[in-house]
Every structure is written in structure tokens, then in C-alpha cells.
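Start counting the sequence shown at 679; every next residue gets the next number (our numbering). Here the structure is laid out as C-alpha cells; the discussion comes afterwards.
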Amino acid sequence: MANEEEKNPKKKPSTGFNILSGDSTDGHGGYGVGTINLDNVSPVIIDPTTDEIYVDVGALHARSALEKRKKLVKTREEVPDGHTAWIVWVTLQRTEEGPHYYGIGACEFFFNAEAKRAWKSMPEHVNNMDKSMKGKVVVDHMDAKSKQMLRNYLIEYDKEVYERSSDEVKAGLQD
């Protein structure tokens, strides 16, 4: 019997989606032109039920610890006895004064760890990450406890970065 290569010698390798960092157009105009630079975006995971908050870069590829080992379902109602956690896209920007929190986009993640079921709106994640990268603050749909947890976390992470942030960022994180 012939092996797979002999059966189909011209089969092209699969090209998956690549997230490239740095300047993809540096020195050439070929592969990678027009990609998005995610160097300054960090996903912050907030679970107000367990009082956990942490950065998990795996969320950039939908592979955060929160998302792993759970089946994503099509509707929120398919998650039995679920509770809400948040995946928050936080964008930093550097200026002459120093770095500051530039944009924040919060996205709901509804799950039940025991049932291994979860729901999230992919369009919400894409749109709110984009808004965060454009300096918008989208947190008005978050509960007060989660907003306060995020505010405290960002201040504790680096108070000077928080103080240099816009009034819009600071106001969005108030109760």
C-alpha cells in the first residue's frame, strides 16, 4: 500500500490563523501585512464568585484556564446553574509620561465547572477587544463587585499606570 504522500503528493499544508507580534511589515510587504499587534493587550480573568482575578494570556487563543475543559454551548440557558465570570481585555499605551491603561473591554463568560459547560458570545469578545485596542471603555454591563475587583487589581498592579490613565478609564471603573 502506498503511504499518504504517495496518494496525494500535491496536498498543501494547512495554514492556521497566526497572531503575530511586533511590526509585521518591518522590512518587507509580504506575509503578515495587515495583522493585528496584540503586544499591549492583556486578558484579565475575574471570577467574582471565588474572588479570583488574574492575567491569563491563554485567553488570547480562547485557551485560558477558565475556558479549558468546558464544552461551549450555543445559548446561556444550556448552562445548568451557571455563574458569570469576566474576560476583560486591558490595553496599555505608552506615552512620554509613561504607560497608562488605554482601553478596557469586558466580556461575559457564563459557566458551570462541574457540568463542564460554558457560554460566551464570540462577537462580544471580538468587538470588545477591538474597542479596548481603540481606547474605548466597555464595562457598564459588569456587576459592581467585578468592577471594583478590576479597579483594585489595576491599581495594585501599578498605581502610577492607573494614575496616568484617562478620566474615562477611571470613571468606568467606579461603582
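All C-beta atoms, glycine included, are put in the ideal place defined by N, C-alpha and C. None of these values were measured; they are calculated from a predicted model.
Helix, strand or coil for residue i per DSSP?
i, result
"S844", "coil"
"V733", "strand"
"V817", "coil"
"S702", "Confidence is the limiting factor: at S702 the pLDDT is only 48, short of 50, which leaves the residue's position unreliable, though a coordinate-based value still follows. Coil."
"Q826", "helix"
"L832", "helix"
Considering just the uninterrupted stretch of the beta strand (DSSP E) at residue i, what are its terminal residues?
i, result
"V722", "719 to 725"
Residues in its own chain within less than 6 Å of residue i by CB, not counting five upstream and five downstream?
i, result
"C785", "I765, E802, H803, N806"
Does the beta-carbon of residue i have 16 or more other beta-carbons within 10 angstroms, so that it is buried, or is it exposed?
i, result
"E838", "exposed"
"A763", "buried"
"P758", "exposed"
"E755", "exposed"
"V775", "This sequence places Glu at residue 775; Val is not what is there. Exposed, by the Cβ-count rule."
"V722", "buried"
Starting from the C-beta of residue i, find all residues in its chain whose C-beta is less than 7 Å away, skip the five residues before and the five after it, and write them out in chain order.
i, result
"A822", "D853"
"N696", "Only weak support exists for where N696 lies, its pLDDT of 38 falling under 50; the value from the coordinates is given anyway. So the list is empty, once near-sequence residues are dropped."
"I833", "Y840"
Tell me which residues share the same chain as residue i and place their Cβ nearer than 8 Å to its Cβ, disregarding the 5 neighbours each side in the sequence.
i, result
"T773", "R842"
"K812", "G781"
Just to confirm the assignment: which complete beta strand (DSSP E) runs, minimum length 3, are found wholly within the stretch 737 to 813? 761 to 773, 776 to 790, 795 to 797
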